[in-house]
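So the sequence lines, in the order shown, correspond to chains A and B. Heads up, the first sequence is in numbering that gives the first Met the number 0, so the first residue is 0 and it goes up one at a time. Heads up, the second sequence is in numbering that gives the first Met the number 0, so the first residue is 0 and it goes up one at a time.
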Amino acid sequence: MSTSIKIRTRRNYSIVFDVAVQDVPIMICRGQSVLRNPTNRQIADCLGFNEAIDQTHLRDLVIIGAGPAGLAAAVYGASEGLDVLVVESEAPGGQAGSSSKIENYLGFPTGISGQELAGRAYTQAQKFGAEVMIAKCAKTPHLRPQTVRD
Amino acid sequence: MKLIQTDTELSDILLRAFILRRVELISYQIGGVVVLGSTYSAETLRIREFLTRNSYPYAYVDLDQNSDAQELLDRF
Numbered sequence: 000m001s002t003s004i005k006i007r008t009r010r011n012y013s014i015v016f017d018v019a020v021q022d023v024p025i026m027i028c029r030g031q032s033v034l035r036n037p038t039n040r041q042i043a044d045c046l047g048f049n050e051a052i053d054q055t056h057l058r059d060l061v062i063i064g065a066g067p068a069g070l071a072a073a074v075y076g077a078s079e080g081l082d083v084l085v086v087e088s089e090a091p092g093g094q095a096g097s098s099s100k101i102e103n104y105l106g107f108p109t110g111i112s113g114q115e116l117a118g119r120a121y122t123q124a125q126k127f128g129a130e131v132m133i134a135k136c137a138k139t140p141h142l143r144p145q146t147v148r149d
Numbered sequence: 000m001k002l003i004q005t006d007t008e009l010s011d012i013l014l015r016a017f018i019l020r021r022v023e024l025i026s027y028q029i030g031g032v033v034v035l036g037s038t039y040s041a042e043t044l045r046i047r048e049f050l051t052r053n054s055y056p057y058a059y060v061d062l063d064q065n066s067d068a069q070e071l072l073d074r075f
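Here it is, written out as structure tokens:
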């Protein structure tokens, strides 16, 4: 059971395609591909969120999770010259990113929205050269303790 | 990238320009992405939240309000 939908977009071109009720929501990606109820990973792949990141590159520091702590670590690591990669399963900001107002974060006496805080931290991390992978999960890392020698 | 990290004055100008450009794109919904969904659908909310939180500009068409989609809605 499907029906045709015609959509006129802001820039005045129309797209006609078939959809079924179970397909909703639908995402039209750059006017080229139609994704039916895409996962976050599919959206990120379609929009090329991680395209510029070289996954084979060996890093000095890999951070799992781009919440406030992860982004702070990325900022300090990258600003000290380390090659940093952050892996985030959803979007920068983590749980704090969905907060409407954070009033107990150091340096913001009148509060800041989670989205704004996350946006600032994300931009700051990128400014120093840290790379952030979006919609990628880390598997439980099996780390062997390493002895550091003089 | 090297320039942004070494020249503070230039980096401020460039960074500010990029941020303002992104804000403009989001406010005019220019980004080549159209999301068609319903206010009553959890999956629509998930997709919109994902795009918003990644600061990606998108246009949203609510199928509950779009007359072309009336036929589809009749089947709900």
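Think of the CB as a built atom: it goes at the ideal place given N, C-alpha and C, for glycine as much as any other residue. Please read all numbers here as calculations on a predicted model, not as lab measurements.
Under 7 Å Cβ-Cβ, which residues of chain A neighbour Q4(B)? F127 and G128
Whole alpha helix (DSSP H) elements within the segment 28-61 of chain B, 4-residue minimum: 41-52
The alpha helix (DSSP H) enclosing C28(A), as first and last residue numbers: It is not in any alpha helix (DSSP H) - C28(A) instead sits in the beta strand (DSSP E) that spans I25 to C28.
Since L9(B) and L2(B) are thought to touch, with beta carbons under 8 Å apart, how far apart are those beta carbons, to the nearest angstrom? 6 Å
Would a C-beta distance cut-off of 8 Å place G171(A) and G92(A) closer than the cut-off? Because chain A is modelled from 0 through 149, residue 171(A) falls outside the range shown and cannot be assessed.
Taking the Cβ atom as the reference point for each residue, do V33(A) and R58(A) lie within a distance shorter than 8 Å? no
Only counting the same chain, and skipping five residues up and downstream in sequence, which positions put a Cβ closer than 7 Å to that of P56(B)? L24, I25, Q28, I29 and G30
Would you mind giving the Cβ-Cβ distance between I25(A) and L35(B), rounded to the nearest angstrom? I have them listed as a contact below 8 Å. 4 Å
So N53(B) and F48(A) are supposed to be a Cβ contact under 8 Å. How far apart are they, rounded? 7 Å
So what does V61(A) bridge to, in DSSP terms? L84(A)
Name, please, each residue of chain B whose Cβ falls closer than 7 Å to the Cβ of I52(A). In chain order: nothing, as chain B lies at least about 14 Å away.
Does the beta carbon of G69(A) come closer than 8 Å to any beta carbon on chain B? no
With a threshold of 8 Å between beta carbons, is E89(A) in contact with chain B? yes
Closest residue to L62(B) among V23(A), K138(A), R35(A) and Y75(A) (Cα-Cα distance): V23(A)
Throw me the rounded Cβ distance for the G80(A) and L60(A) pair, which I believe falls under 8 Å. Their Cβ separation, rounded to whole angstroms, is 11 Å, which puts G80(A) and L60(A) out of contact at 8 Å.
Taking C-beta pairs closer than 9 Å, name the residues in chain B that C28(A) reaches, listed in chain order. G31, V32 and V33
Within 8 Å, do at least three Cβ pairs link the segment 129-140 of chain A to the segment 34-45 of chain A? yes
How should Y39(B) be labelled, buried or exposed, when 16 other C-beta atoms within 10 angstroms of its C-beta is the threshold for buried? exposed
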